[in-house]
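Q: Please find one structure pasted underneath; my questions will follow.
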Amino acid sequence: MSYADPAPRQPLQWLRRLALAVLVLASTALGVATMFRILYDGGLGILQAAVLGLFAITFGWIALAFWTALIGFVISLARRDPLTLARQAPPAIAALASRTALVMPIYNEDPARALGGLEATCHDLLASTDQDLHDRVEAFVLSDTRDDAIAADERRHVAALRQRLAGRLALHYRRRADNAGRKAGNLAEFCRRWGRRYDYLVVLDADSVMGGRSLLQMITTMQREPQLGLLQTVPIPIRQHTLFGRFTQFAAALYSPMLAAGQAFWQGDCANYWGHNAILRTRAFMAHCGLPRLSGRPPLGGEILSHDFVEAALLRRDGWRVRLDVGIQASFEELPGNLLDYARRDRRWTQGNLQHLRLLAASGLHPISRLHFAMGALAYLSSLLWVLMLGLSSADAMLNALSRERFFSDTYQLFPDWPLDTSAMVMPLLALTAAMLLLPKLFGLLLALWQTPAAFGGRWRLIASALLEMLHAILIAPLMMAFHSAFVIGILVGSSVGWDPQTREGRPVAWRQALAHTRAAALLGGAWALAMYQFTPSFFWWLTPVWAGLISAPLLVRLSGSRRLGDGLARLGLLTVPSEVQPAAVLTRLDASHSLPAPADAAGVPPEQPGDMPLQHLGWRRQRPARHRPPLKEPH
Numbered sequence: 036m037s038y039a040d041p042a043p044r045q046p047l048q049w050l051r052r053l054a055l056a057v058l059v060l061a062s063t064a065l066g067v068a069t070m071f072r073i074l075y076d077g078g079l080g081i082l083q084a085a086v087l088g089l090f091a092i093t094f095g096w097i098a099l100a101f102w103t104a105l106i107g108f109v110i111s112l113a114r115r116d117p118l119t120l121a122r123q124a125p126p127a128i129a130a131l132a133s134r135t136a137l138v139m140p141i142y143n144e145d146p147a148r149a150l151g152g153l154e155a156t157c158h159d160l161l162a163s164t165d166q167d168l169h170d171r172v173e174a175f176v177l178s179d180t181r182d183d184a185i186a187a188d189e190r191r192h193v194a195a196l197r198q199r200l201a202g203r204l205a206l207h208y209r210r211r212a213d214n215a216g217r218k219a220g221n222l223a224e225f226c227r228r229w230g231r232r233y234d235y236l237v238v239l240d241a242d243s244v245m246g247g248r249s250l251l252q253m254i255t256t257m258q259r260e261p262q263l264g265l266l267q268t269v270p271i272p273i274r275q276h277t278l279f280g281r282f283t284q285f286a287a288a289l290y291s292p293m294l295a296a297g298q299a300f301w302q303g304d305c306a307n308y309w310g311h312n313a314i315l316r317t318r319a320f321m322a323h324c325g326l327p328r329l330s331g332r333p334p335l336g337g338e339i340l341s342h343d344f345v346e347a348a349l350l351r352r353d354g355w356r357v358r359l360d361v362g363i364q365a366s367f368e369e370l371p372g373n374l375l376d377y378a379r380r381d382r383r384w385t386q387g388n389l390q391h392l393r394l395l396a397a398s399g400l401h402p403i404s405r406l407h408f409a410m411g412a413l414a415y416l417s418s419l420l421w422v423l424m425l426g427l428s429s430a431d432a433m434l435n436a437l438s439r440e441r442f443f444s445d446t447y448q449l450f451p452d453w454p455l456d457t458s459a460m461v462m463p464l465l466a467l468t469a470a471m472l473l474l475p476k477l478f479g480l481l482l483a484l485w486q487t488p489a490a491f492g493g494r495w496r497l498i499a500s501a502l503l504e505m506l507h508a509i510l511i512a513p514l515m516m517a518f519h520s521a522f523v524i525g526i527l528v529g530s531s532v533g534w535d536p537q538t539r540e541g542r543p544v545a546w547r548q549a550l551a552h553t554r555a556a557a558l559l560g561g562a563w564a565l566a567m568y569q570f571t572p573s574f575f576w577w578l579t580p581v582w583a584g585l586i587s588a589p590l591l592v593r594l595s596g597s598r599r600l601g602d603g604l605a606r607l608g609l610l611t612v613p614s615e616v617q618p619a620a621v622l623t624r625l626d627a628s629h630s631l632p633a634p635a636d637a638a639g640v641p642p643e644q645p646g647d648m649p650l651q652h653l654g655w656r657r658q659r660p661a662r663h664r665p666p667l668k669e670p671h
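The working numbering runs 35 ahead of the 1-based position in the sequence shown.
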């Protein structure tokens with residue numbers, strides 16, 4: 036294997052991060068100063084000071100997302116690589132001189148769907164090269180399934196697929212007797228038994244589908260760059276039919292590539308890992324990504340749930356590069372099809388991301404890795420902060436409305452304290468906040484209108500779809516804010532999440548279920564709106580998007596799982612996405628795949644090559660990270 040090619044240049048990476056920090060801090064300072072002028076009326080009370088502090092955190096979060104989106108828009112519009120800033124070009128594919136394992140951990144999944152996606156991926160890989168892959172790429176289904184009936188079905192589907200791939204690509208099946216450590220433990224057990232047999236691991240979820248050329252590009256990049264420890268692609272949702280699923284699929288297809296380009300621009304070789312549709316350097320992963328249990332009890336202690344963020348940080352701590360590659364296409368996944376299933380997945384992610392706050396002071400981590408931890412936690416904490424800020428602002432507005440005007444605060448005061456008229460500042464601040472929230476969506480729309488309108492059904496359908504998606508995002512934002520706030524509070528008071536299989540296929544939501552999960556939010560929204568209308572009518576209108584979203588929460592949840600509405604919009608050509616208009620070959624293969632059970636069993640795994648995966652230290656003790664580590668010797 037040749038390691039002659041250098042890693043791609045990242046010109047002025049320090050300046051990129053400095054410029055982003057200046058832009059975010061300047062924007063936040065402007066917003067906070069304006070809010071201070073609005074709140075200040077001869078002094079700041081406790082409520083006003085609390086509102087100002089919460090506003091500073093949430094506005095800073097919005098500013099970071101806005102500037103990242105703007106950077107991604109400019110880079111994508113210029114068709115530049117976000118890392119090198121050179122003209123985008125299809126990644127070259129070289130002959131494979133390494134061994135790669137495609138690993139798919141599964142847990143009580145639908146075997147037909149999981150194996151269907153793996154089959155489409157394997158067939159597309161075989162069709163994308165003339166090279167014999169039999170000794171270069173192998174696939175593993177790593178089962179943690181607890182249900183014996185599902186496990187038996189898994190073995191039948193694996194046996195059938197193994198027959199169809201016979202002589203071209205090896206497929207193996209392993210079911211663990213003990214599923215300790217969940218997905219991270221599943222991968223760690225595989226690495227300890229077979230890790231030394233493979234140079235690289237491509238990690239797939241049960242709903243992952245990847246194009247063969249994309250896999251070859253990933254392997255080639257790892258071969259070419261010996262210091263690259265992890266390469267993450269941008270998974271795009273596919274095969275969504277419900278109303279909520281189609282909105283989510285459209286938004287991801289329109290905005291995700293642009294946002295990822297902005298992230299890659301300033302993250303450089305310290306990107307994040309999302310747990311799937313990525314390739315890992317096996318020896319580096321084994322040497323540095325053994326995860327310990329956090330001290331204390333769940334939910335903030337115990338097993339690390341969002342292990343992917345931590346694994347990326349540990350690789351970077353030891354000098355390995357971690358990159359997000361936005362140029363690799365044909366990377367797909369599926370999503371929950373209604374608001375309740377989507378929220379259930381977020382509940383697990385909330386707990387995992389809040390655990391990361393305990394790792395902010397871990398020794399030797401790169402500052403960007405710490406920023407990933409903070410941003411991941413803030414993605415859910417910000418909802419609670421918004422609720423607190425809006426609640427305190429409402430309370431302050433009502434107190435001001437109920438209190439009698441006092442122009443002389445002191446008995447011996449000669450001149451009155453005339454109240455400061457801040458109405459001229461409120462609307463500009465609201466307009467600035469709304470613009471920073473909505474402009475990233477406008478950037479994505481403009482980019483698609485300029486570059487790929489046909490892939491979204493044409494310009495007019497694209498514009499109509501984007502406007503519908505914006506309205507949908509505004510309506511569901513208060514409900515998701517309420518869900519996330521409840522999740523955070525539940526975790527802080529000690530409620531831990533279970534390990535349930537993810538519901539990916541679209542399903543309808545009954546009225547009883549919708550009301551059971553949203554009744555409290557709807558009642559709160561109604562009471563809030565009534566109180567604001569009674570005491571502060573002007574504040575009532577400002578809060579319209581919030582209380583309207585909360586009051587309509589049961590209806591939104593009920594309609595989110597509707598296939599009839601989703602299919603109806605599809606028939607009108609709305610919410611159309613590139614994977615439907617110009618489907619990649621692997622998606623065509625997925626639709627044609629039929630993993631029928633076979634009488635043969637799925638027994639048989641390759642010879643083991645055991646290796647150690649030591650647990651890493653995540654404490655405060657200072658530890659000097661390795662720099663420019665020479666490449667580990669690869670197995671042959």
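Using N, Cα and C, we set each Cβ at its ideal position, and we do this for glycine too.
Between the Cα of R593 and the Cα atoms of A517, T277, Y415, which residue gives the shortest distance?
A: Checking every option, the nearest Cα to that of R593 belongs to T277.
Q: By the three-class DSSP mapping on this structure, what secondary structure does P572 have?
A: Residue state, collapsed to three classes: helix.
Q: Pick helix, strand or coil for G325, following the three-state DSSP scheme.
A: Reduced to three states, the DSSP call for G325 is strand.
Q: Could you spell out where the alpha helix (DSSP H) holding Y142 opens and where it closes?
A: Unbroken run through Y142: none, as it is neither H nor E.
Q: Keeping to the same chain, check which residues put their C-beta closer than 8 Å to that of L204; ignore five residues upstream and five downstream.
A: For L204, where only same-chain residues beyond five positions count, the Cβ hits under 8 Å are C157, L160, L161, L168, H169, V172, E173, A174.
Q: Counting C-beta neighbours from all protein chains within 10 Å, is the total for Q252 16 or more, i.e. buried, or is it exposed?
A: Buried: at least 16 other Cβ atoms inside 10 Å.
Q: Does the distance from the C-beta atom of L482 to that of S111 stay below 9 Å?
A: Yes, the Cβ-Cβ distance between L482 and S111 is below 9 Å.
Q: In its own chain, which residues sit with a C-beta less than 6 Å from the C-beta of H519, not counting the 5 before and 5 after it?
A: Only Y415, S418 meet the Cβ criterion.
Q: What's the gap between the Cα of Q386 and the Cα of V528?
A: Going by the C-alpha atoms only, they are around 12 Å apart.
Q: State whether the region 615-630 contacts the region 147-156, with contact taken as three or more CB pairs (one from each stretch) at a distance under 8 Å.
A: Taking 8 Å as the limit for Cβ pairs, the verdict is that the region 147-156 does touch the region 615-630.
Q: Just grab the DSSP bridge partners of H207 for me.
A: According to DSSP, which records beta bridges pairwise, H207 is partnered with F175.
Q: For P272, which beta-bridge partners are listed by DSSP?
A: According to DSSP, which records beta bridges pairwise, P272 is partnered with E368.
Q: Report the residue ranges of all alpha helix (DSSP H) runs contained in full by the region 450-528; include only those spanning at least 4 residues, in chain order.
A: Segments of the alpha helix (DSSP H) lying fully in the region 450-528: 458-486, 494-527.
Q: Could you tell me the boundaries of the beta strand (DSSP E) in which I314 lies?
A: It spans 313-316 - the beta strand (DSSP E) in which I314 sits, taken as one unbroken run.
Q: Compute the Euclidean distance between the alpha carbons of R405 and L394, then round it to the nearest angstrom.
A: Going by the C-alpha atoms only, they are around 8 Å apart.
Q: Between L89 and L423, which are expected to be in contact by the criterion C-beta below 8 Å, what is the C-beta distance as a whole number of angstroms?
A: 6 Å between Cβ atoms; contact.
Q: CB-CB under 7 Å to L338, same chain, minus the five flanking residues each way: which ones, in chain order?
A: Here the sequence assigns Glu to residue 338, which means Leu is not the residue at that position. If we look at E338 and ignore the five residues flanking it on each side, its Cβ neighbours are G216, R217, R328.
Q: I524 to N388, Cα distance in whole Å?
A: Straight-line Cα distance between these residues: approximately 14 Å.
Q: Could you compute how far the alpha carbon of Q651 sits from the alpha carbon of N214?
A: If I take the Cα positions, the gap works out to 20 Å.
Q: Quick check: the region 68-82 against the region 463-473, are at least 3 beta-carbon pairs closer than 8 Å?
A: Touching, per the Cβ criterion.
Q: On the DSSP bridge list, what partners appear for T135?
A: Answer is V172, Y235, bridged to T135.
Q: Could you check the C-alpha separation between T457 and M567 for me, to the nearest Å?
A: Confidence at T457 is low in this model, with a pLDDT of 48, below 50, so the placement of that residue is unreliable and no value is reported for it.
Q: Drop a sphere of 10 angstroms on the beta-carbon of S178, count the other beta-carbons inside from all chains shown, and report buried for 16 or more, exposed for fewer.
A: Looking at its Cβ environment, which holds 16 or more other Cβ atoms inside 10 Å, S178 is buried.
Q: Quick check on the burial criterion: 16 or more other C-beta atoms within 10 angstroms. Buried or exposed for A219?
A: A219 should be labelled buried.
Q: Rounded to whole angstroms, what is the Cα-Cα separation between W301 and L413?
A: Going from the Cα of W301 to the Cα of L413 covers about 19 Å.
Q: Suppose the cutoff is 7 Å on Cβ atoms and the five residues either side in sequence are ignored; what does the same chain contact list for L449 look like?
A: In this predicted model, L449 has a pLDDT of only 46, less than 50, meaning its place in the structure is not dependable; the value taken from the coordinates is given anyway. Contacts found: none.
Q: Quick check on DSSP: helix, strand or coil for R44?
A: Coil at R44, not helix or strand.
Q: Can you give the beta carbon distance from F478 to M293, rounded, assuming they're within the 8 Å contact cut?
A: Right, their Cβ atoms sit about 6 Å apart.
Q: Leaving out five residues on either side along the sequence, give the residues of the same chain with a beta carbon under 6 Å from the beta carbon of G66.
A: The answer, listed in chain order, is F94.
Q: Could you name the residues of the same chain whose beta carbon sits closer than 6 Å to that of A286, not counting the 5 residues immediately before and after it, in chain order?
A: Only E504 meet the Cβ criterion.
Q: From what residue to what residue does the alpha helix (DSSP H) around Q198 run?
A: First-last of the alpha helix (DSSP H) with Q198: 183-200.
Q: Return yes when the Cβ of L625 is within less than 9 Å of the Cβ of G719, no when it is not.
A: Not covered by the structure: residue 719. The range shown for the chain is 36 to 671.
Q: Return yes when the Cβ of S133 is within less than 9 Å of the Cβ of M257, no when it is not.
A: Result yes, Cβ atoms of M257 and S133 sit closer than 9 Å.
Q: Please determine, among V532, T119, E144, the residue with the shortest C-alpha to C-alpha distance to R358.
A: Closest option to R358, Cα to Cα, is T119.
Q: Please state the DSSP three-state secondary structure of G426.
A: Here G426 sits in helix by DSSP.
Q: Which of helix, strand or coil does DSSP assign to V31?
A: Within the shown structure, residues of the chain are numbered from 36 to 671, placing residue 31 beyond reach of any answer.
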